[in-house]
Amino acid sequence: MKLSLTQAINAGLRRALEDDPKVVLLGEDIGTLGGVFRVTDGLMKDFGSHRVIDTPLAESAIIGTAVGLAYRGFRPVCEIQFDGFIYPGFDQIVSQVAKLHARTRGAVRMPLTIRVPFGGGIGSPEHHSESPEAYFVHTSGLRVISPSNPQDAYTMLRQAIASDDPVLYFEPKRRYHAKDEVMLDAPLSTAPLMGAARVVAAGTDVTLVSYGPLVRTALDAASAAAAEGISIEVIDLRSLSPIDYLPVMESVRRTGRLVISHEAGQTLGLGAEIAATITERCFNYLEVAPVRVTGFDIPYPPSKVEKHHLPDLDRILDGVDRALGRPNSHSGMED
Amino acid sequence: MKLSLTQAINAGLRRALEDDPKVVLLGEDIGTLGGVFRVTDGLMKDFGSHRVIDTPLAESAIIGTAVGLAYRGFRPVCEIQFDGFIYPGFDQIVSQVAKLHARTRGAVRMPLTIRVPFGGGIGSPEHHSESPEAYFVHTSGLRVISPSNPQDAYTMLRQAIASDDPVLYFEPKRRYHAKDEVMLDAPLSTAPLMGAARVVAAGTDVTLVSYGPLVRTALDAASAAAAEGISIEVIDLRSLSPIDYLPVMESVRRTGRLVISHEAGQTLGLGAEIAATITERCFNYLEVAPVRVTGFDIPYPPSKVEKHHLPDLDRILDGVDRALGRPNSHSGMED
Amino acid sequence: MAHSAMPLHQLVTASGTRVADELLDEFVSDLDDQTLRNLYEDMLIVRRIDAEATALQRQGQLALWPPLLGQEASQIGSVRALEHDDFIFPTYRENGVAYCRGASMGSVLGVWRGVSNSGWDPYELNMATPQIIIGSQTLHATGYAMGLVLDGKESLSLAYFGDGATSQGDVHEAMVFAASFQAPVVFFCQNNHWAISEPVGLQSHVPLAGRAPGYGIPSLQVDGNDVLAVLAATRWAAHRARTGGGPSFIEAVTYRMGAHTTADDPTRYRGVTELEEWGAKDPLTRMRTFLTNAGKLDDEAESAMAAKADAVAAELRAACINFPDPEPLSVFEHVYVDDHPILARQRDHYLAYLSLFEGSSPAAQGGAS
Amino acid sequence: MAHSAMPLHQLVTASGTRVADELLDEFVSDLDDQTLRNLYEDMLIVRRIDAEATALQRQGQLALWPPLLGQEASQIGSVRALEHDDFIFPTYRENGVAYCRGASMGSVLGVWRGVSNSGWDPYELNMATPQIIIGSQTLHATGYAMGLVLDGKESLSLAYFGDGATSQGDVHEAMVFAASFQAPVVFFCQNNHWAISEPVGLQSHVPLAGRAPGYGIPSLQVDGNDVLAVLAATRWAAHRARTGGGPSFIEAVTYRMGAHTTADDPTRYRGVTELEEWGAKDPLTRMRTFLTNAGKLDDEAESAMAAKADAVAAELRAACINFPDPEPLSVFEHVYVDDHPILARQRDHYLAYLSLFEGSSPAAQGGAS
Ligand SMILES: Cc1ncc(C[n+]2csc(CCOP(=O)(O)OP(=O)(O)O)c2C)c(N)n1
Ligand SMILES: Cc1ncc(C[n+]2csc(CCOP(=O)(O)OP(=O)(O)O)c2C)c(N)n1
Ligand SMILES: [Mg+2]
Ligand SMILES: [Mg+2]
């Protein structure tokens, strides 16, 4: 069946609600309205307002009451309406959700899923285009994932809800309307693991790693480069914490060149960790330093100029050029 | 004058209160009690409860009202009682303090200083030993600094308060009682810049970068290594955002070997950014991949086992061994 | 949400009749006819601004617009009660307030066109730029008011926020601090009955104005579609603030007649009956009836107002359409006051990168697609 | 903080006289003599636990201890009003509550000795482990209570928190959610007059119990040093919760007789007069007088209690001193339920690193340094 990414998430939520009576959804405007992106469309009607819960406007409480529900054996799925509104819930995520299992030496589980539409490129006002994933990747005790396509969106969401660990599920909102074939009935047991990265385009010259919103752009860059005779291997991380380094290492050991791209600011964005780790683990294979093609270290700019902040096809190709030591590259310099 | 680190901070606050009537202090227990670490001892008595303000127990409000005070031209200095209590104020820091200057295209300045006693090693219960600095280093619009000794504590605090940018000032609480000579009257104009790193021990074999609580340990490691004939150059970053890469690059281009140590967890801790950046900018000089000697990716453990989490002299030396390619190193492996 | 236990203060009924209110009457006893007409004119113009901006959004000239249709009395009545040196902390919806503070139409539209994250200079209007993080600005207003006390000033700050915002921790903490430090801040809640799709009953089963007394903050519920009553209530609170009485809380009971924003479809969550009910309480109609019946408004005055509204609408449309896009490198500006070598380096590299495209591609000026 | 506008409910005065209370009387009408004696015994034992732990801290056996001296009636009265399947969310100070829930002394001390970040299994005691982040647990209790409704259970959750905590946004949001969803949660505030060095007057100029009605949550102020009144008040709230009445708020007006923790020096911020005043209202003295005067307590019973307290104190001391340190590699445990390759790798490397020291250095077992 062809589904958009939002429809695939909706299907994943529906399936989880059907399969497990302990799954409940919490969030602002997710019930009657069906979410500001219609991701939860129809779910309150079909499952009732006791399982699809429109909450008062308070993010700390959305997370904090979900913690209490988890104490009681529920599997809460929280929606944070936009990336920029997760920060009022930060304390509950970092000090409670992430730590309770370790704190209680395994007695209390926190099988929360926190859905966060994230990223830019859709012309929104401030606070609606943030890429806060690094904060959570740096937080021990959480898992962080981000699907790039409808099938992964569906499968990984089901895996996240089924996981006994807390999972931050970052939805690339600029890809919300991308449609693709989704197999709704494939058993979870045979699906790729939630934590597994995937080579989405094979290549031999450069390894290009990305996730979520930029995977499509990375694939486009690979096509464009192919026309020039450059073979890019594109890896979709899928899981941001933990990162599945095996396919990245395998690839870099062949190509000797690594480019990483994300929308978040460069300093301590995921590119930093990937560059550092791959350098640690593949130093002798690297022909050049890993190249980062990322957002700048700036507050998210007004939408009329967001294109200058966001890595796009041209900037990724410039990064590839740099990784290949080609002359006209300017995305980073050794000075 | 010989002062402990807490006394140096106290002197810095006192000086700022004297020099600028717009400086006000806000925090829990900072007034009558003089702070749980006595850092603000005597200041309410001398400057009045209108300038040294005991606030109700609410971190978001401490930061949020400081934003309002800054709107009105004040220079608020907020105390967050312990590292683990900064998260309820995270939204105000990330969405307001960090962004207001850019949001208003320079019209509104946010000259806040946010003091945060941080780090472990003092046998405290949970939430009292966190190293949250990476969250703020990843946040564009903030400056982040951490002194390692009384003189820097005094000077850098005065610089932070004088700065028109918001500054997170991380106090290495396990070094609070370290005493050293402090020149209180040296003019700020001739002091090293707040953003400047400093070579605190010259060396030729390995570059060892650290900050705050671990600088002392790094220096001890350098002494221990010297006894074995290994020459370590120790760099105290002082500023964590922005990082002053020039002395690090200069050093690595000589030594070819880099070790970075911090208490925070490894994944997306500052070591990641430093390793990635130095690899980018010094690739051809590196003999081995930069080595990270850091806390593990775990919630801060109970104090009886915190020594297993925290990098200490032995673990740093093990990292140095690894950077030197010596056989018995185990702190990281290329598998 | 009017609640039996809390009186709803009113001065002009929905049908335009002036009624007495023991508390509020004295706060409007000085108003002359021109002032009354001005209040109506303000509402008329603000409604026109709102309609014009909504149209511009439909025409693709604005990315988004949050209509204030129905809330004109709440916004005009409150802002017109303030002095210029009182400082306002608004949300994204106080575009009517911005107009009254003298904001140019261009500075109002910038945020909604996507050319800026704010608009006017806060210190020119004594009004912060729109706040999107719900509830956040109530703390800023409280801190500002604490600063007023420290400075020995007799002015005040006023924070606007919605019914939905009352659930946020920040709004609570703002009241705690305001009460503790007796800060001269007015908490002005526009209860427009909806937080996007959520009815106010989800945030609270009891009147929102009932929260404040629990902090020791006096509060009142006022008919938010009655511009006179809102003016009086805000003057009551402002008077308290200016005379050392500390914080106050006003719940203006009003209604969001339009969508949450132009991106919203309210038919998904509310029926027409409610809309009709509130249509009958329209703030403009009732003021017009009141003025006309009292012989304070004639055709001539009305056409002068209409002409003024036309002019503002034209200014707005022109400002919107002539908006230049920001320069590419502007994204690096004002992140820091002082030097920042890492950001400077990113800027330099991006400049060098952009120059690669010079003359060779349409991306040259606008940046890579 | 007792306030003229809110009655302070009491059943036994400071001098040990039983007085009537219209609301509370019915909730203690069933108590037999043994139950009354047990309440006193609980308080006696808990005070002994507190003293013993404080002594152990002074002797270096505990890293820290937060004394509950003076708050015995608040803790015992409230916890003894609950059923086993009611779920408790405490702060760090509810060590008396933990004792009553059947926590072993070892599990109580673990956190304060630094061998663990928690202690008991929450599902054994139906009590969460100590919460240090102020106010946080009120949301957990509310969510748990929402879950009780979903599960169709007739039990409840109870959140303990302090006077200082009432300023935190989380406590506000907890009341908003509890009221909105009519969750069967009891908000139990121990107003012990101090938040470390800050007097309750800094958090609020008006009674804390006055907050709740603003959310539509019934509340009452009870003499927190009167174990009978606290028991009755909590039964009142529990009854409401169990019978579909939703949330309630209790402010137990009590006093922290000791330091905030053993690391605190209260002489820096409060005088002796206050302490003496509250000494006269001691919860144990009054209950003893009441029982003795009523002929419900004789020497024999008292010495049995003392013996039991001795036994608990001995258990406590033994548990503390015999505490094994956790294994080095335990720091890697329970971070995740499922596999985590990166953490597993860190663990393996640390194990290999530790093995370097084997036989060669004292660091071998205990880790480096
Ligand atoms: C912290 C935060 N959470 C969520 C949102 C998304 N959001 C924008 S407006 C809104 C509803 C606000 O309702 P209300 O406070 O009543 O103001 P109104 O829009 O009715 O003027 C929501 C949920 C936000 N902007 N900030
Ligand atoms: C979020 C947070 N901020 C600050 C602290 C530090 N702190 C620990 S206890 C305390 C005072 C709490 O007072 P209260 O709520 O009255 O409880 P009590 O200690 O009197 O039982 C403070 C400020 C904390 N633990 N958590
Ligand atoms: Mg509203
Ligand atoms: Mg207290």
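Line order of the protein sequences matches chains A, S, E and L. According to the working numbering, the first sequence is numbered sequentially starting from 1. According to the working numbering, the second sequence is numbered sequentially starting from 1001. According to the working numbering, the third sequence is numbered sequentially starting from 2001. According to the working numbering, the fourth sequence is numbered sequentially starting from 3001. Glycine residues also receive a C-beta, built at the ideal position from the N, C-alpha and C atoms.
Asked                                                                                                              : Found
Complete runs of the alpha helix (DSSP H) confined to the segment 2027-2107 of chain E [at least 4 residues]       : 2033-2058, 2072-2079 and 2095-2100
Through-space distance from residue 277 of chain A to residue 243 of chain A, alpha-carbon basis                   : 10 Å
Identified DSSP bridge partners for residue 3162 of chain L                                                        : L:3190
Pick from A:89, A:72 and A:74 that is closest to residue 80 of chain A, judged by C-alpha positions                : A:89
CB contact below 8 Å: residue 3317 of chain L versus chain S                                                       : no
Test item: CB-CB of residue 205 of chain A and residue 2 of chain A under 8 Å                                      : no
Distance between residue 1261 of chain S and residue 3367 of chain L (C-alpha atoms, nearest Å)                    : With a pLDDT of 36 at residue 3367 of chain L, under the threshold of 50, the predicted position of this residue should be treated as unreliable, though the coordinate-derived value follows. Between residue 3367 of chain L and residue 1261 of chain S, the C-alpha separation is close to 18 Å.
Cβ of residue 1114 of chain S within 8 Å of any chain D Cβ                                                         : Within the model displayed, chain D is absent; protein chains A, S, E and L are what it includes.
One or two residues paired with residue 3127 of chain L in a DSSP bridge                                           : L:3088
Three-state class that DSSP yields for residue 1072 of chain S in the structure shown                              : coil
With 16 other Cβ atoms within 10 Å as the buried cut-off, status of residue 158 of chain A                         : buried
Proximity test, Cβ basis, 8 Å: residue 60 of chain A and chain E                                                   : yes
Ligand 4 heavy atom lying under 7 Å from the CB of residue 1073 of chain S                                         : no
Any chain E beta carbon closer than 8 Å to residue 1047 of chain S                                                 : no
Residue 3065 of chain L vs residue 3254 of chain L beta-carbon contact at 8 Å                                      : no
Contact between the segment 2228-2240 of chain E and the segment 2023-2042 of chain E (3+ Cβ pairs under 8 Å)      : yes
Closer than 8 Å to chain S by CB, residue 2321 of chain E                                                          : no
Host alpha helix (DSSP H) of residue 2137 of chain E (start-end)                                                   : 2136-2151
Interface flag, residue 2170 of chain E vs chain L, CB-CB below 8 Å                                                : yes
Segment limits, beta strand (DSSP E) that includes residue 1291 of chain S                                         : 1291-1295
For residue 2295 of chain E, three-class secondary structure by DSSP                                               : coil
Proximal residues to residue 3018 of chain L (C-beta, below 6 Å), its chain only, five neighbours per side dropped : 3012
Contact set between residue 3310 of chain L and chain A, taken where Cβ atoms lie within less than 7 Å             : Within chain A, no residue comes near residue 3310 of chain L; the closest Cβ sits about 31 Å away, beyond 7 Å.
Heavy atom of ligand 1 within 7 Å of residue 2260 of chain E beta-carbon                                           : yes
Distance cut-off 7 Å: residue 3162 of chain L Cβ against heavy atoms of ligand 2                                   : yes
Euclidean distance between Cα positions of residue 2378 of chain E and residue 3143 of chain L                     : As displayed, chain E neither begins before 2001 nor continues past 2369, which places residue 2378 of chain E out of reach and without an answer.
Segment limits, beta strand (DSSP E) that includes residue 1264 of chain S                                         : 1258-1265
Enclosing alpha helix (DSSP H) for residue 1216 of chain S [first to last residue]                                 : 1215-1227
heavy atom of ligand 3 below 7 Å from residue 2256 of chain E C-beta                                               : yes
Endpoints, the alpha helix (DSSP H) within which residue 1243 of chain S is located                                : Here residue 1243 of chain S belongs to no alpha helix (DSSP H), and DSSP marks it neither H nor E.
Member of A:55, A:41, A:23 and A:21 whose CA lies at the smallest distance from the CA of residue 2200 of chain E  : A:55
Reference residue 1037 of chain S, options L:3349, L:3268 and L:3108, closest by Cα                                : L:3268
Any non-hydrogen atom of ligand 2 closer than 7 Å to residue 3075 of chain L Cβ                                    : no
Chain L contact residues for residue 1303 of chain S, given Cβ-Cβ distances below 7 Å                              : 3063 and 3114
Cross-strand partners of residue 1116 of chain S (DSSP beta bridge)                                                : S:1170
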